[in-house]
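Heads up: the structure comes next, in C-alpha cells.
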Amino acid sequence: MYSKRKFKVGDRAWRFDQMHRPEQFCPYCVDGIEGRFYTMVHYVGNHRAWELPVSFDKAERKGSAWYTDQERDDELWMRANRHSIASAVSMCRDIATLRQVAELICWKATK
Numbered sequence: 071m072y073s074k075r076k077f078k079v080g081d082r083a084w085r086f087d088q089m090h091r092p093e094q095f096c097p098y099c100v101d102g103i104e105g106r107f108y109t110m111v112h113y114v115g116n117h118r119a120w121e122l123p124v125s126f127d128k129a130e131r132k133g134s135a136w137y138t139d140q141e142r143d144d145e146l147w148m149r150a151n152r153h154s155i156a157s158a159v160s161m162c163r164d165i166a167t168l169r170q171v172a173e174l175i176c177w178k179a180t181k
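As numbered in this note's numbering, the sequence shown has no gaps in its residue numbers, which increase by one up to the final residue, 181.
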C-alpha cells in the first residue's frame with residue numbers, strides 16, 4: 071500500500087500532525103528532490119519546509135506521517151467509519167453475514 075518513492079515534484083503531500091487542530095492533515099507540495107531527499111513546502115502560510123528521505127516507508131515516518139491524496143482519503147474514511155462498522159457487526163445476528171465478515175478479515179473462529 072505504501073510504496074517507496076511515491077512522490078514526484080509538484081505532487082501534493084499530506085503530513086499527519088496530531089497537534090494541528092482542527093485539521094490533522096497539513097497540505098505540502100513536493101518542491102524538489104535533492105540527492106536522497108524530497109523537499110516539502112507548505113501550501114498555506116510560511117510553515118517551514120521539510121526534508122523527507124526518498125526511500126522511506128510508513129514505518130520510517132517518525133514523528134509525523136506523510137500521505138498521498140489517496141492515502142489521506144483512505145485514512146479519513148477509515149477514521150470516520152471503522153467504529154460504526156464495528157458496532158453494526160457487533161449487533162448483527164445473521165450467522166451467514168458474520169461468517170462472511172470473518173472470512174473478509176481473515177478471522178479464525180475458535181469453534
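Beta carbons: idealized from backbone N, C-alpha and C, even for Gly.
- Look at Ile-155 here: in three-state DSSP terms it is helix.
- According to the DSSP assignment, Arg-169 belongs to the alpha helix (DSSP H) that extends over 165-174.
- Note that the C-beta distance between Cys-99 and Met-110 is below 8 Å.
- The alpha-carbon of Asp-164 is positioned some 33 Å away from that of Gln-140.
- Bounds of any beta strand (DSSP E) do not take in Arg-106, whose DSSP letter is neither H nor E.
- Rounded to the nearest whole angstrom, the C-alpha separation of Asp-101 and Leu-146 is 25 Å.
- The alpha-carbon of Trp-84 is positioned some 44 Å away from that of Lys-181.
- Bounds of any beta strand (DSSP E) do not take in Ala-179, whose DSSP letter is neither H nor E.
- Note on geometry: alpha-carbon atoms of Ala-150 and Tyr-108 lie some 30 Å from one another.
- In this model, Cys-96 and Ala-166 are separated by some 42 Å (Cα to Cα).
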